[in-house]
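Down below is the structure, laid out as structure tokens.
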Amino acid sequence: VSGAGTLMDSPIPPSGTQEPPYTHRALLCLGSNLGPRETLIYQALEEIKLLPQSALGRLSSLIETEPYGLKEQPPFMNQVAELFTDLEPAELLASLLAIESKLGRIRVQKWGPRLIDIDILLMDKIIYKDEFLVLPHPDFHRRDFALKLLIELEPELVHPVLDKSLQELYQDLKMGGIK
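All letters in the sequence shown, in the order written, are residues 1317 to 1495 by my numbering.
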């Protein structure tokens, strides 16, 4: 990866599955609160399957959630997807942004309504920051739905910065959150 970002540590081994021959494992959160929400998430997953040097892994449940941040908007449908890939973080972000654009996403307002949103929550145990991407996602541990869906796939996974399991983070959130 070129630029100001830094990469640390090694890939997260998947639980209960044989690791595919890919360099990285990313956990993505897909969301939609405009249009045919479930269809848009399905279409995004189909596009993700077509990414070069990548393979879609397990999927969490697809659930309806209340908006985060800007509350005055329709509810979201959200799902977490596991992706095995040889793409580096910046390359993966560029690919996911291209999928959002292809499916009609226009960025108008932070936390505003959207046809499709695809966030990289975690990528291995990588700690990375540049002007476009921060890993792990800087806010997922404050989002009830993101933690619930991640826990479905990896309950014992440890946040590489906060050094707590997803279950611990979820309990912290229920008790008032992490500042």
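Note that beta-carbon positions come from the ideal geometry of N, C-alpha and C, so glycine has one too.
DSSP beta-bridge partners of residue i
i     : result
S1370 : T1401
R1341 : F1400
S1481 : V1474
S1279 : Since the first residue shown for the chain is 1317 and the last is 1495, residue 1279 is missing from the structure and cannot be characterised.
N1394 : G1347 and I1379
DSSP state of residue i mapped onto helix, strand, coil
i     : result
S1326 : With a pLDDT of only 35 at S1326, under 50, the local geometry of the prediction cannot be trusted, and no value is derived from it.
E1380 : strand
K1490 : helix
N1456 : The residue asked about is misnamed: residue 1456 is Phe in this sequence, not Asn. Here F1456 sits in helix by DSSP.
F1461 : helix
K1387 : coil
E1447 : coil
L1431 : coil
I1442 : coil
L1469 : helix
L1437 : strand
I1364 : helix
I1422 : coil
T1333 : The predicted position of T1333 is uncertain, since its pLDDT is 47 and thus under 50; a value taken from the coordinates is nonetheless stated next. T1333: coil per DSSP, three-state reduction.
Nearest-angstrom Cβ-Cβ length linking residue i and residue j, presumed shorter than 8 Å
i     : j     : result
L1372 : I1364 : 6 Å
M1393 : E1362 : Actually they do not touch by this definition, with Cβ atoms about 16 Å apart.
S1376 : E1468 : 4 Å
L1478 : L1466 : Their Cβ separation, rounded to whole angstroms, is 13 Å, which puts L1478 and L1466 out of contact at 8 Å.
Under 8 Å between C-beta atoms of residue i and residue j
i     : j     : result
L1408 : I1436 : yes
P1452 : P1390 : no
E1398 : R1341 : yes
A1406 : D1440 : no
L1400 : Y1486 : The amino acid at residue 1400 is misidentified as Leu; the sequence shows Phe. Result no, Cβ atoms of F1400 and Y1486 do not sit closer than 8 Å.
E1343 : L1438 : The question names Glu, but residue 1343 is Leu in the sequence shown. A contact, by the Cβ cut-off of 8 Å.
Other residues of its chain near residue i: CB distance less than 6 Å, five sequence neighbours each side excluded
i     : result
L1346 : I1357, A1360, Q1395 and I1434
Y1384 : R1459
Cβ neighbours of residue i in the same chain (closer than 7 Å, five flanking residues each side left out)
i     : result
F1461 : I1379, T1381 and N1394
R1374 : E1398 and L1469
8 Å CB neighbourhood of residue i in its chain, flanking five on each side removed
i     : result
L1419 : L1356, Q1359, A1360, E1363, L1431 and I1432
G1321 : Unreliable placement is indicated for G1321, whose pLDDT of 40 sits below 50; the coordinate value is still reported in the next sentence. If we look at G1321 and ignore the five residues flanking it on each side, its Cβ neighbours are P1405, A1406, Y1444, K1445, D1446 and L1449.
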